[in-house]
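Using this note's numbering, read the sequence shown as starting at 77 and increasing by one per residue. For glycine and all other residues, C-beta sits at the position ideal for the given N, C-alpha and C.
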Amino acid sequence: MKSIYDLDMNELNDYLKEHNQKPYIANQIFDWLYKKRVASFEEMTNLKKGFRDQLAKDFSYSSIEIIKKQIGKDVYKYLFNLNDDEKIEAVLMFHDYGTSLCISTQVGCNMGCLFCESGRLKKVRNLLSSEMVLQILEIEKDIKKRISHIVIMGIGEPFDNYDEVMKFIRIVNSNKGIDIGARHITISTCGIVPKIIDFANEKTQVNLAISLHGPNNEIRNKIMPINKVYDIKLLIDTVKDYISLTNRRVTFEYIMIDGVNDSISCSNELSALLKGINCYVNLIPYNETNNLSFKKSSNTNIMRFYDILKKNNINVTVRREFGSEVDAACGQLRATN
Ligand code: SAH
């Protein structure tokens, strides 16, 4: 049965129309779900009893269960059990500007990036938008606080589950729903080019991040199989199109892996590749995992790389490391449970 958390405002409105209910009831239902956060249709006391029963007949009041929580410095890592006993994870990070929650979009992932734990576990299925929404609701219940930022960077490739992820964003962003501003939401892709164009045409203010991780086809082909489908030139040209369509700045994520993509020539090449593009680069020290042999770049190499980008007038930051002590590398918690 479909979960009540799988309906965005439009779908709820259609449902109400079909059942000859007044449109304002959609607001009341969203209010119970996302503001008052009740746990059953029974508690929606301003709806008529007969209609509450109808809702309970047509929709499940689904939930997902936190089965493990690991606490590290400024980071909580959650493992969830889904209704079919599949497991996913979400990571909550405490920043000086607020909290950001990294949510999963699929059980496993088919992109096969060589350095990534999630890719070792092939995709089992897409998550429903309800299962993404519930990651937020359950964790807010756990911490008894509102989360300020969402990053769609957990297990899975969001653009390989496009429609459900877009619905999730609508529910999160709606002022009647979870009400997190679009500019506080970031979606990250390994580079599924046609979906980048679709996403540009959504005309949202949601931030786009691209997992680049290499400055050329040779390196990218070695570590990211998606590059063999959409190569780096096509990807960069598409990002330029995205920027001209949306006028938004794009983030390039670049994990720093020892001896793979952290040389001086890589940094020069990356500078040339990104010259003149409205973007910034987020250098991420690679999070080592027990199962994969890649190593993190030395701090010296990271700073050298950073300095070269800076000298070339590329906006660049080095991301603070979160949670290496709690298996926070993508997919690690799920992989070890
Ligand atoms: N599939 C999407 C989003 C999920 S991965 C994407 O590729 O963007 C989120 C980010 O974490 C990606 O940039 C990914 O390359 C990176 N990542 C994966 N494993 C990592 C690790 N062990 N250490 C650091 N970053 C990692």
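DSSP state of G290, grouped into three classes?
-> G290: coil per DSSP, three-state reduction.
Please name the residue or residues paired with T262 in a DSSP beta bridge.
-> BP columns for T262 point to V227, N283.
Closer than 7 Å: is that where the CB of Y318 sits relative to any heavy atom of the ligand SAH?
-> no
For the alpha helix (DSSP H) containing Y356, list its first residue and its last residue.
-> That residue, Y356, is in no alpha helix (DSSP H); its beta strand (DSSP E) goes 355-361.
N-terminal and C-terminal residue of the alpha helix (DSSP H) that K316 is part of = 308-322
Cβ of F381 within 7 Å of any heavy atom in the ligand SAH?
-> no
Taking V282 as the reference, give the member of D218, T265, I261 with the closest Cα.
-> I261
Return the bridge partner residues of R201 from the DSSP annotation.
-> According to DSSP, which records beta bridges pairwise, R201 is partnered with V183.
Would you mind stating whether N186 and E240 have Cβ atoms separated by less than 8 Å?
-> no
Under the rule that 16 or more other beta-carbon atoms within 10 Å means buried, what is M242, buried or exposed?
-> Classification of M242: buried, given that the 10 Å Cβ count is 16 or more.
Is S287 near the ligand SAH, judged by its Cβ being under 7 Å from some heavy atom?
-> yes
Spatial neighbours of L197 within its chain, please: CB distance less than 6 Å, with the 5 preceding and 5 following residues excluded, ordered by chain position.
-> Contacts found: G184.
Buried or exposed (CB count within 10 angstroms, at least 16 for buried), H95 = It is exposed - the Cβ of H95 has fewer than 16 other Cβ atoms within 10 Å.
Which residues in the same chain as G290 place their Cβ atom closer than 6 Å to its Cβ, once the five residues preceding and following it in sequence are excluded?
-> So the qualifying residues of the chain are R296, N337.
Pick out whichever of F170, V200, M332 has its Cα sitting closest to the Cα of I164.
-> V200
Distance cut-off 7 Å: Y362 Cβ against heavy atoms of the ligand SAH = Because some heavy atom of the ligand SAH lies under 7 Å away, the Cβ of Y362 counts as near it: yes.
Look at the alpha carbon of K112 and the alpha carbon of E87, and state the distance between them as a whole number of angstroms.
-> Answer to the nearest angstrom: the Cα atoms are 21 Å apart.
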